[in-house]
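Protein chains in written order, with the numbering used here: chain S, 112 to 468; chain W, 112 to 468; chain V, 112 to 468; chain B, 112 to 468.
Following: one structure in structure tokens, then a few remarks.
4 protein chains.
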Amino acid sequence: MNTFGHLFRITTWGESHGGAVGVVIDGCPPQIDIDKDAIQFELNRRRPGQSHLTTPRQEEDVVEILSGVFEGKSLGTPISMLVWNKDARPAAYEHLKNLYRPSHADYTYQQKYGIRNWQGGGRASARETIGRVAAGAIAKQILHKHNETETLAYVKQIHTLKATVDTDTVTLQEIEASPVRCPDPIVSPKMAERIDQARRDQDSLGGIIESVCRNVPVGLGEPVFDKIKADLAKAMMSLPATMGFQIGSGFDGITMTGSEHNDEFYNDSGQIRTRTNNSGGTQGGITNGENIVFQVAFKPTATIGKPQQTVDKDGNEVTLQASGRHDPCVLVRAPAIVEAMAALVLTDHLLRHKAKS
Amino acid sequence: MNTFGHLFRITTWGESHGGAVGVVIDGCPPQIDIDKDAIQFELNRRRPGQSHLTTPRQEEDVVEILSGVFEGKSLGTPISMLVWNKDARPAAYEHLKNLYRPSHADYTYQQKYGIRNWQGGGRASARETIGRVAAGAIAKQILHKHNETETLAYVKQIHTLKATVDTDTVTLQEIEASPVRCPDPIVSPKMAERIDQARRDQDSLGGIIESVCRNVPVGLGEPVFDKIKADLAKAMMSLPATMGFQIGSGFDGITMTGSEHNDEFYNDSGQIRTRTNNSGGTQGGITNGENIVFQVAFKPTATIGKPQQTVDKDGNEVTLQASGRHDPCVLVRAPAIVEAMAALVLTDHLLRHKAKS
Amino acid sequence: MNTFGHLFRITTWGESHGGAVGVVIDGCPPQIDIDKDAIQFELNRRRPGQSHLTTPRQEEDVVEILSGVFEGKSLGTPISMLVWNKDARPAAYEHLKNLYRPSHADYTYQQKYGIRNWQGGGRASARETIGRVAAGAIAKQILHKHNETETLAYVKQIHTLKATVDTDTVTLQEIEASPVRCPDPIVSPKMAERIDQARRDQDSLGGIIESVCRNVPVGLGEPVFDKIKADLAKAMMSLPATMGFQIGSGFDGITMTGSEHNDEFYNDSGQIRTRTNNSGGTQGGITNGENIVFQVAFKPTATIGKPQQTVDKDGNEVTLQASGRHDPCVLVRAPAIVEAMAALVLTDHLLRHKAKS
Amino acid sequence: MNTFGHLFRITTWGESHGGAVGVVIDGCPPQIDIDKDAIQFELNRRRPGQSHLTTPRQEEDVVEILSGVFEGKSLGTPISMLVWNKDARPAAYEHLKNLYRPSHADYTYQQKYGIRNWQGGGRASARETIGRVAAGAIAKQILHKHNETETLAYVKQIHTLKATVDTDTVTLQEIEASPVRCPDPIVSPKMAERIDQARRDQDSLGGIIESVCRNVPVGLGEPVFDKIKADLAKAMMSLPATMGFQIGSGFDGITMTGSEHNDEFYNDSGQIRTRTNNSGGTQGGITNGENIVFQVAFKPTATIGKPQQTVDKDGNEVTLQASGRHDPCVLVRAPAIVEAMAALVLTDHLLRHKAKS
């Protein structure tokens, strides 16, 4: 339900306008240096209001660590972290109380639970990902310590604009240097322009986040159900607004034949490698040491300024006209979230693999 | 690891050339009519050797039910089913003992476990899916009893050939009437021809399986991690050879704007419906009563007849020349597997939803 | 690890002297009235400093609800609750930093994790049970709403003093009326006297908590591993200081023969009942509608005032002389904890049973 | 439900008179030598009909390994094992079809599931433990390989007859040398006599199994819920007919004071040890390297020859008169089962501990 992972396990909680949002990490190995600044850095990457391209809601998402850390190191006990909701303005949502916003979760939550927090999306708000990002920041520290494994993500496509990125060399600095978090210096400004246009149009855009994981140990993944590609897929498809996941050659690979697609092995000075990486770093559900490369499709943000037809709780057909400014493209904030989920999956599988060896 | 599901839970076991393969279902509700013929029907759809288009290996996959059923009804206790491996010819694989076949799991299994059953793929063989299909057949019976919910899957694309299928009306009969399980009567024969050509070329093809679930109850899915789309993604990406999953508008949806993509609600004679279904039947991770429509990308089969470069266990670079006939396109057999996994996910979530209501 | 339950699932976190202790409940059904006062009532029963018989540490354990509740009702989303640690005096534990207190968890935590929070027991402190009690208070509300099921616990024995209690009729009022929470008015004052004597002796006492669950629905429990007696045993043996669990006739029943011990069925005006209840309300691991009656043995509190021999981290043998007042008998505070754990087990099984029916 | 363990996980299945009973082990580390004879040895210790003291039903419980083992070693994939039910005589139970046998699971299964296999106890039969014992035999091999850890169990008490056993020195040979599996040569023949008398009386007896685990690594156990004592308690209380569990000083320890009960540490030539072991080898839920010593209470067998009052499915009060010979004391067969469960718990925790270190 609200728990993810088997050995490195996170439980997130919190509505967008309740008292706070947070996470409990269970299974963090002891004696890991917990760098609070690194956690805050990731939360800052995720939060709205970073530039004029993202939502103007100025949330100060300051993390508090309530347990599990002692003198800067993990104790091996649960690490509880929270971020208070400071920008709670329930009144701003009063007019949405009885409406079902199109392509939002209002209707399904109401039908499933018979009750919902209608203030700002409640549990279905993207604010829920704060706990994931905070936990992912710690997972990153574990991965780095173990094998200098890193997870990077960036905007690969917005609307029809596609970037060219070298997965072998792209750096965090290049990603962060772009206001839209697209490390292609040619396409990045076009994307920013396209987003600005969407805001002026009271409309919104979707796109693709691409992620690469480097220095991944060989052998992670637990067939047959907990294949690394399966757990990555679940992790990504558990994020709000995601519509697709593909790894390696993905959907494009189907127009290749087997002889074109197969990744031939060769001996690279004693290290067994593959000449191509159509498999995306995993074969039989287990990492093979090549980079893990995957993509996640995000639909255009459901919240738009244009008027839309919908119904209310009583079934009356009504016109919804959103007020205030909106965030026309959440992808700009998504890389931190995708990286966090990738780090959580890899850390969980790292621990699982250690248990058997 | 080898268990899938939370309340309706399956554990599969077995290597391709060990004694048998099987499954234990834990959590099947009591008093369900267990139709053994229906289970066998699904296994027959999955097994190789159904036509000249599939592998000539003539496996007789006869299911045995060993527990959990009494006088034709489920007891509520674990249902154990197995299929004996009758076509075990370990000698046929002797030459592969020390080789790592490209894009197979040989290398990663060897690295992860330090040991592997090199006879026919071992645990990584597609034969592992027998247990899933047998369990899925029972899940289908539960879904049908509850709400006449049905899960259908068919070949949507092979190589570059794309079919046109109406998800609202397609039937099992139409799917089964096609030797390639593509219900588009125009494209189906072309696909058969393309597969035959691939066999002659000693090559292989990939493609897309599309699935539609109809009469799905509103309210299935457990945010935030066990969203219905997340569990479907995991289920599909846990299958051998899968490279991508998309739901609703998927990767194509990203070139739409929010105002184009949003599914507006309307009142259909008292039933709240959406005019479009870009969401693919799920919003906020919870089913909204519209059809669930998703697609799964399968890479071209890794086993081909053409010679390939690879390495052996000692790192020597060698040429692999497969012997015997091969199955140039496993997609023909995949619909039964995809349907089974969809049925398992929906059944599990049906029970989980009942627990809270 | 720090999560308990399958469908009604709690995750507790917090050290005794970290920032806070808390719990996340995942799986609480929606639309349950959440009575914050009822939660606080249970926390007050659990907390030290209630009378001169318990520890003088005056903790104000005020619960805060941070998520999952909206306008007084559960949302079906995670309920996060915490209690701040206000009485944190790390300096008071400085002298224990390098010592292994006998029959405490200092040594095993240090060996397992290579690090520990030596301030007041850290995670091994009884303060950890705050989260359990808060969650149990909500479970009690669910049980009461469903079938007026109630879980009661009381002191059955302290040291050699045994109480006589009628499990059919004992009430919460009778339990709370006793300063030692023993509803036997004859033995209760003797127990209080015995505890006072133990404090004067700088020593401590153990005893037995007995619990009765009434109005339990027939059919709870999931064989073969999640039998109701097995989950109750795990719940109780997961509490600090517990040394034994028995249900129904327990260890005493072994001196009976089968013909003496078997609970004969009879027809009580259409309701099938048993004439005796040696089974303790469960047969085959499933509740039979009779009262569940079980007992839990608590060892004498490990913290005493008398000097003791022990070793420090470097293996030096040293004498430990505790300073300050101590709590000579934690049993007085244990009933709230045992009731909470029983309520959590029953609620979890209630939801699990509903899923299948 | 029917799965036990977190990383070393078993799923058992099978009714007493269905086709077979079996187990799937998921999570067995690779490259473990799997000694089939050792598995069969344990099944032989468990099975009825070993001597005139046990039931005359001559079951030949021959184990078959269907997967997960290759050339004598574990593959790291699921190990599936089964034992066919050869002695299925449904007719012998026909007269019990509509009866609820006192202190059996007939009534609760019928109420819970609305259906039951009335042939010989169905899933509630002790025959279900075959899978546990087979899996436990493999767990023993893992424990022995890792640290020469051993789990031993024996009859400590039958009815009023109590044995004296030295937990430090007792051997498997001493246990097996006794027809009642009580290694006290004085009490053992008296127990045999008492059992014979019970059979002649058409009655049955209960008792206590004691278990000692030696050479246990320090650090096993995962607070706060998966304490080693909690998981042992659950394991034992999940067995048929168990009524109580105690560890270390158990229920007897409550008449000691803290100063008497605390286990003082000392330095034993560089190894930190405790002078006494009232804690039973675990402190704070984590093993401390001392022997784990625990006891399990088994009620007198519910099946007896004497006539008993009960009701049938329609609520009619009837007299039950069992036919045929019965097994007056199952404790003789219980040591193999208790050892298996202890081995399963320790192996699971061994893997869990390795994951974090």
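Glycine residues also receive a C-beta, built at the ideal position from the N, C-alpha and C atoms.
Under the three-state reduction of DSSP output, Gly247(B) falls in the helix class. Taking 8 angstroms as the CB threshold, Gly381(V) lines the interface with chain B.
When the beta-carbon positions are compared, Asp374(S) and Pro213(W) come within less than 8 angstroms of each other. Within the region 364-406 of chain V, the runs of alpha helix (DSSP H) that reach at least 4 residues and sit entirely inside it are, in chain order, 369-372. Gln252(V) carries a helical assignment under DSSP once its states are collapsed to helix, strand and coil. The beta carbon of Thr421(V) sits closer than 7 angstroms to the beta carbons of Leu210, Tyr211, Arg212, Pro213, Val429, Leu431 from its chain, once the five residues preceding and following it are set aside; these are given in chain order. Judged by DSSP secondary structure, Arg156(W) falls within the alpha helix (DSSP H) whose first and last residues are 147-157. Segment contact: the region 281-297 of chain S against the region 341-358 of chain S, fewer than three CB-CB distances shorter than 8 angstroms; contact not assigned. Taking 8 angstroms as the CB threshold, Lys467(S) lines the interface with chain B. Per the C-alpha coordinates, the member of Asp307(S), Tyr265(S), Ile365(S) positioned closest to Glu287(S) is Tyr265(S). Between the C-alpha atoms of Gln221(B) and Ile448(S) there is a straight-line separation of about 49 angstroms. For Met354(B), the enclosing beta strand (DSSP E) begins and ends at 353-358. In the DSSP assignment, Arg310(W) falls within the alpha helix (DSSP H) that extends over 298-311. At least one CB of chain V lies nearer than 8 angstroms to the CB of Ala131(S).
Counting only the Cα atoms, Thr278(S) lies some 38 angstroms from Glu304(W). Out of Gly364(V), Val407(V), Gln419(V), Ser322(V), the CA that lies nearest to the CA of Arg386(B) is found in Gln419(V). Contact between Gly138(W) and Phe119(W) holds, since their C-beta atoms are separated by about 5 angstroms, short of 8 angstroms. Here Pro140(B) is near Gly187(B), since their CB atoms are less than 8 angstroms apart. Beta-bridge annotation (DSSP): Glu239(V) is not paired with any residue. Within chain W, the residues Tyr224, Gly225, Ile226 have their CB atoms less than 8 angstroms from the CB of Gln142(B), given in chain order. Under the Cβ criterion of 8 angstroms, Arg310(S) is not counted among the residues facing chain B. Within the model, the alpha-carbon separation for Ile365(W) versus Pro411(S) is close to 6 angstroms. Taking all protein chains shown into account, Arg292(W) has 16 or more neighbouring C-beta atoms within 10 Å of its C-beta and is therefore buried.
Of the candidates Pro351(W), Gly332(W), Pro334(W), Gln230(W), the residue whose Cα lies closest to the Cα of Ala341(S) is Pro351(W). In this structure Glu450(S) is buried. Its beta-carbon is surrounded by 16 or more other beta-carbon atoms within 10 angstroms. Here Met192(S) is bridged, per DSSP, to Val134(S), Ile176(S).
Boundaries around Ala264(V) are those of the beta strand (DSSP E), 261-269, since no alpha helix (DSSP H) includes it. Contact check between the region 324-335 of chain W and the region 329-339 of chain S: fewer than three CB pairs, one atom from each, fall below 8 angstroms, which does not count as touching. Taking each of Ala413(S), Leu177(S), Met302(S), His257(S) in turn and checking the Cα distance to Leu272(S), the smallest one comes out for Met302(S).
Here the region 236-253 of chain V does not lie against the region 305-320 of chain V, with fewer than 3 beta-carbon pairs under 8 angstroms apart. A direct Cα-to-Cα measurement between Ile150(B) and Leu455(W) gives close to 34 angstroms.
Taking a beta-carbon distance threshold of 8 angstroms, Val135(S) counts as an interface residue toward chain V. Residues of the region 408-433 of chain V whose Cβ lies closer than 8 angstroms to any Cβ of chain B, in chain order: Ala408, Phe409, Lys410, Pro411, Thr412, Ala413, Thr414, Ile415, Lys417, Gln419, Gln420, Thr421, Val422, Gly426, Asn427, Glu428. Annotation for Ala309(V): Ser315, Leu316, Pro439, Cys440 place their beta carbon closer than 7 angstroms to its own, counting only its chain and skipping 5 residues before and after. The straight-line gap separating the alpha-carbon atoms of Asn155(S) and Ser349(S) is approximately 21 angstroms. Taken through DSSP and simplified to helix, strand or coil, Gly361(W) comes out as helix.
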